[in-house]
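Numbering (my numbering), first residue to last: -4 to 153.
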């Protein structure tokens, strides 16, 4: 049985999924755009799999009469889309988002035209931005690592 793990950016909330995940999508509807603060929302349904929260408790926002959106109350990471037919997890919240590639797009009536051309933009590695601000040379990430931890944050940073 395949095990997937993930959580929010700060590590206050963690989850584990056991089983096959076969319904991964991108939603372009305006509600998802606003919920994620992005051009679209990548979501992975956990219907039919064993899902558990292993750390913390998400906050929820009722975005419509039938849907709630879960997020981390500490760092704001979008985490869930919860509807009567099941729950989907934000693909970027998985420790290995590449393991859950999308297979369909929903809400295409709200798709922003340039999204189909993003791959045509020039690309730079993160390090290329070091010349833009000297503060980046001293950057220390407080983001939770992409794996489960016994304690977070580490004692030396708490």
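Glycine included, each C-beta is placed from N, C-alpha and C at the ideal position.
Judged by DSSP in its simplified three-state form, residue 25 adopts helix.
The straight-line gap separating the alpha-carbon atoms of residue 18 and residue 121 is approximately 31 Å. Judged by DSSP in its simplified three-state form, residue 36 adopts strand. When 13, 117, 102 and 43 are compared, the shortest CA-CA separation from residue 49 is found for 13. No residue range can be given for residue 62, since it is assigned to no beta strand (DSSP E) and is classified by DSSP as neither H nor E. If you keep only unbroken beta strand (DSSP E) runs of at least 3 residues inside the stretch 53 to 119, you get 54 to 57, 63 to 66, 73 to 78, 81 to 85 and 99 to 101.
Within its own chain, the residues whose Cβ lies closer than 6 Å to the Cβ of residue 101, once the five positions on either side in sequence are excluded, are 20 and 22, listed in chain order. The stretch 30 to 41 makes contact with the stretch 69 to 86; the number of CB pairs closer than 8 Å reaches 3 or more. Cβ contact annotation for residue 90 (same chain, cutoff 7 Å, sequence separation greater than five): 0, 1, 141 and 142, in chain order. When only Cα atoms are considered, residue 77 and residue 93 end up about 22 Å apart.
Straight-line spacing of the CA atoms in residue 106 and residue 42 works out to 25 Å. Inclusion of residue 69 and residue 5 in the CB contact set at 7 Å is warranted, their separation being smaller than that value. Straight across, the Cα-Cα distance linking residue 150 with residue 3 is about 19 Å. Beta-bridge pairing by DSSP links residue 48 to 10.
It is roughly 16 Å from the alpha-carbon of residue 11 to the alpha-carbon of residue 65.
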